[in-house]
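**Student:** Going by this note's numbering, the sequence shown opens with residue 1, and the numbers climb by one from there. We put the CB at the ideal spot given by N, CA and C, even for glycine.
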Amino acid sequence: MKMTERIKRNMQPDKPMTLISLRLPDHVIEDLKEVAPSLGFSGYQALIRAYISNGLRKHLAEREAQRAKDSTVEEFSQRLMAHGVPKQAIQEAAAEMKAGR
Numbered sequence: 001m002k003m004t005e006r007i008k009r010n011m012q013p014d015k016p017m018t019l020i021s022l023r024l025p026d027h028v029i030e031d032l033k034e035v036a037p038s039l040g041f042s043g044y045q046a047l048i049r050a051y052i053s054n055g056l057r058k059h060l061a062e063r064e065a066q067r068a069k070d071s072t073v074e075e076f077s078q079r080l081m082a083h084g085v086p087k088q089a090i091q092e093a094a095a096e097m098k099a100g101r
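(1) Mind checking whether the beta-carbon of E64 lies closer than 8 Å to any heavy atom of the ligand MN?
(2) What number of angstroms, rounded off, separates the C-alpha of E74 from the C-alpha of L39?
(3) Would you identify the three-state DSSP class for Q12, choosing helix, strand or coil?
(4) With the cut-off set at 9 Å, would you say I29 and Y44 are in Cβ contact?
(5) Counting along the chain, where does the alpha helix (DSSP H) carrying M97 start and finish?
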């Protein structure tokens, strides 16, 4: 799913919710209860949802950026091959870039 589609879905007011059970250490719950009001949350569960949502959005954005990069590399590789650059040379160069050389 594209990020724009996710954003539209996430902005809907009455999103369905699923009840889950999650075991966390007591001290973590106590810390969450202490911190939640100072961050403007009505309770610790809302803060947990915010933490999960923020982390998930970050990772989804990173994944989408990597897909875009991979797509660009693939398109560039195809254009190089169309100009006569050997596929093996392109693959070696791409492997060197991934290895950080």
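**Tutor:** By the coordinates alone:
(1) Questions concerning the ligand MN fall outside what the structure shown contains, since it holds no ligand whatsoever.
(2) On the sequence shown, residue 74 is found 74 positions in, with the first residue counted as 1. On the sequence shown, residue 39 is found 39 positions in, with the first residue counted as 1. Approximately 44 Å, taken between the alpha carbons.
(3) Taking the sequence shown and counting its residues from 1, one reaches residue 12 at position 12. Coil, per DSSP.
(4) Locating residue 29 in the sequence shown gives position 29, counting from the first residue. Locating residue 44 in the sequence shown gives position 44, counting from the first residue. Yes, they are a contact pair.
(5) Mapped onto the sequence shown, residue 97 falls at position 97. Here the alpha helix (DSSP H) through M97 covers 87-99.
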